[in-house]
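Counting from 0, one number per residue, gives the positions in the sequence shown under numbering that gives the first Met the number 0.
Built from N, CA and C at the ideal position, the CB exists for glycine as well.
A short worksheet on the structure shown next.
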Amino acid sequence: MAVRAARLQGRQTGIVPTMGALHEGHVSLIERARVECGFVVATIFVNPTQFGPNEDFTKYPRTLDADLQMCEAAGADLVFTPSASDMYGQHAQTFVRVTKLSESLEGAHRPGHFDGVSTVVAKLFNIAEPDRAYFGQKDFQQQLIIRRMVSDLDFPIEIITCPIVREADGLAMSSRNRYLTPEERATATELSQTLKMAQKLAAETQLSAAEISQRMQQRLSGTPGIELSYALIADPETLEPLEDRQVTAVALIAARIGKTRLIDNEILQFR
Ligand code: PAF
Numbered sequence: 000m001a002v003r004a005a006r007l008q009g010r011q012t013g014i015v016p017t018m019g020a021l022h023e024g025h026v027s028l029i030e031r032a033r034v035e036c037g038f039v040v041a042t043i044f045v046n047p048t049q050f051g052p053n054e055d056f057t058k059y060p061r062t063l064d065a066d067l068q069m070c071e072a073a074g075a076d077l078v079f080t081p082s083a084s085d086m087y088g089q090h091a092q093t094f095v096r097v098t099k100l101s102e103s104l105e106g107a108h109r110p111g112h113f114d115g116v117s118t119v120v121a122k123l124f125n126i127a128e129p130d131r132a133y134f135g136q137k138d139f140q141q142q143l144i145i146r147r148m149v150s151d152l153d154f155p156i157e158i159i160t161c162p163i164v165r166e167a168d169g170l171a172m173s174s175r176n177r178y179l180t181p182e183e184r185a186t187a188t189e190l191s192q193t194l195k196m197a198q199k200l201a202a203e204t205q206l207s208a209a210e211i212s213q214r215m216q217q218r219l220s221g222t223p224g225i226e227l228s229y230a231l232i233a234d235p236e237t238l239e240p241l242e243d244r245q246v247t248a249v250a251l252i253a254a255r256i257g258k259t260r261l262i263d264n265e266i267l268q269f270r
C-alpha cells in the first residue's frame, strides 16, 4: 500500500533487500537508492530457505534496533521486516531456480542456497513492486543470478550492482566479519590482498588467466588459518573459469577462516 501510494504521487521505488546486521556496505546501497529513487524500501529478513542445515541460520546476527536506525539515517522511507510465517505460508511449495548460474562456486559449496535467494528475492519484488533493486557486488554470483531471473521472468525492474565497500585494510564488509576472532580478522586481509595481486598480474604481466588463478590458489592455500574453497578468474557473465586473458574478467575467492566462510571478488582488466 505504501509503495502504491508513492507511485500514485509519481515517485519511483527502489528496494534494498538485506538480511539485517547492517554495515556500511548496506548503507551505501540505501544511499544510492535514495539518490536515484523517490521512495526507498529496505527489507530485513533472515531468510531460512537460503541456509543449509549445517549453516549459521540460528546464530546469524540479528540487530534490528540498530538496523532500523541505520536505515533511517541512510534515507529509507520504509523498512519491511516480515516474519518467516509472513513470507512462507505453511503450504508453500514453489521455488524459483536459476539453473546453470546457481550450480557452480557458491552453489556447489552451498546446495540449495541460490534457490532460497532467488525465491525470496522474487517474492520481495512481487510484494514491493520496485522500479529498481540494489545489490552489492560482494555477492557477485548472487547479483548475476538475480539479473538472470529478472530477465528470464520479465520482472520490470532495473538491477543495480553497487561497488564493494571495504574496511581500511581491504577486508570486504560483511555481516559475517563479526564472527572473526582478532587473529582470524588479521588473516582475513589475505583475501583482498590476493585479489590485489591478481589485479596487478593481469594489468602488468602477460600471464594467462589460468596462471593467475594458480598463483591465487598457491598464495591462499599456503596461508596458515585459511581453508580455501576456490580462487579463480572467471568470465563475469557466465562464471566459467577462464584459461586465457580477456578484456574484462572477475577474480573470485571463497575461503573458510576458523568457522567463518568469507567471499570476495574483484573485476580485472587485462591489458
Ligand atoms: O544478500 C543478502 O543479504 C541476501 O541473500 C538477500 C539478497 C537479502 C536475500 O535474502
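Candidates the options: closest to residue i by CA position
| i | options | result |
| --- | --- | --- |
| glycine 13 | Ala72, Leu77 and Asn53 | Leu77 |
| alanine 250 | Ser27, Leu28, Ile211 and Arg146 | Ile211 |
| alanine 72 | Asn46, Ser82, Arg31 and Lys258 | Arg31 |
| tyrosine 178 | Lys258, Lys137, His25 and Val164 | Lys258 |
| methionine 18 | Thr93, Gly135 and Leu241 | Gly135 |
| serine 103 | Cys36, Asp55, Pro223 and Gln140 | Gln140 |
| glycine 106 | Asp138, Gly169, Thr204 and Leu206 | Asp138 |
| leucine 21 | Asn125, Arg255 and Arg61 | Arg61 |
| alanine 75 | Glu35, Ser84, Arg260 and Thr57 | Glu35 |
| isoleucine 29 | Pro52, Val45, Phe56 and Leu67 | Leu67 |
| cysteine 161 | Ile266, Ala65 and Asp234 | Ile266 |
| glutamine 92 | Lys58, Thr48, Pro110 and Met196 | Thr48 |
| threonine 42 | Tyr87, Pro52, Met215 and Val120 | Val120 |
| proline 181 | Val40, Asp263, Leu7 and Ile256 | Ile256 |
| alanine 201 | Phe56, Val39, Thr222 and Leu231 | Leu231 |
| histidine 25 | Leu7, Met69 and Arg270 | Met69 |
Distance, residue j Cα to residue i Cα
| i | j | result |
| --- | --- | --- |
| alanine 5 | aspartate 243 | 49 Å |
| tyrosine 133 | methionine 172 | 16 Å |
| glycine 224 | isoleucine 252 | 15 Å |
| aspartate 85 | aspartate 64 | 20 Å |
| serine 82 | glycine 88 | 11 Å |
| glutamate 236 | alanine 127 | 27 Å |
| arginine 175 | leucine 261 | 8 Å |
| phenylalanine 79 | lysine 58 | 21 Å |
Local Cβ density within 10 Å of residue i, reported as buried at 16 or more and exposed below that
| i | result |
| --- | --- |
| proline 16 | buried |
| serine 280 | A query on residue 280 cannot be resolved here, the shown segment of the chain reaching from 0 to 270 and no further. |
| histidine 90 | exposed |
| threonine 193 | buried |
| asparagine 125 | exposed |
| proline 46 | According to the sequence provided, residue 46 is asparagine. The question's proline does not apply to it. Under this definition asparagine 46 is a buried residue. |
| glycine 9 | exposed |
| asparagine 53 | exposed |
| glycine 51 | exposed |
Residues near residue i by beta carbon distance below 8 Å, same chain, minus five either side
| i | result |
| --- | --- |
| isoleucine 144 | Val97, Leu100, Ser101, Phe113, Val116 and Ser117 |
| serine 220 | Leu227 |
Close-in-space but distant-in-sequence residues of the same chain around residue i (CB under 6 Å, 5 per side omitted)
| i | result |
| --- | --- |
| histidine 287 | In the structure as shown, the chain starts at 0 and stops at 270, and residue 287 therefore has no counterpart that could be examined. |
| alanine 1 | Leu77 |
| glutamate 157 | Arg131 |
| glutamine 142 | Phe134 and Thr160 |
| leucine 123 | Pro16 and Thr42 |
Beta carbon proximity, residue i to chain E, threshold 8 Å
| i | result |
| --- | --- |
| serine 27 | Absence of chain E from the displayed structure is noted, only one protein chain being present. |
Contact test: residue i Cβ vs ligand 1 heavy atom, cutoff 7 Å
| i | result |
| --- | --- |
| valine 97 | no |
| aspartate 138 | yes |
| asparagine 46 | yes |
| valine 164 | no |
| methionine 172 | no |
| proline 60 | no |
| valine 119 | yes |
| threonine 17 | yes |
| threonine 116 | For clarity, residue 116 is valine in the given sequence; the question names threonine instead. It does: the Cβ of valine 116 is within 7 Å (strictly closer) of some heavy atom of ligand 1. |
| glutamine 92 | no |
| glutamine 141 | yes |
| glutamine 49 | yes |
Residues near residue i by beta carbon distance below 7 Å, same chain, minus five either side
| i | result |
| --- | --- |
| phenylalanine 94 | Asp114 and Thr118 |
| threonine 188 | Asp168, Gly169 and Leu170 |
Ligand 3 heavy atom lying under 7 Å from the CB of residue i
| i | result |
| --- | --- |
| valine 34 | Ligands in the displayed structure: ligand 1; ligand 3 is not one of them. |
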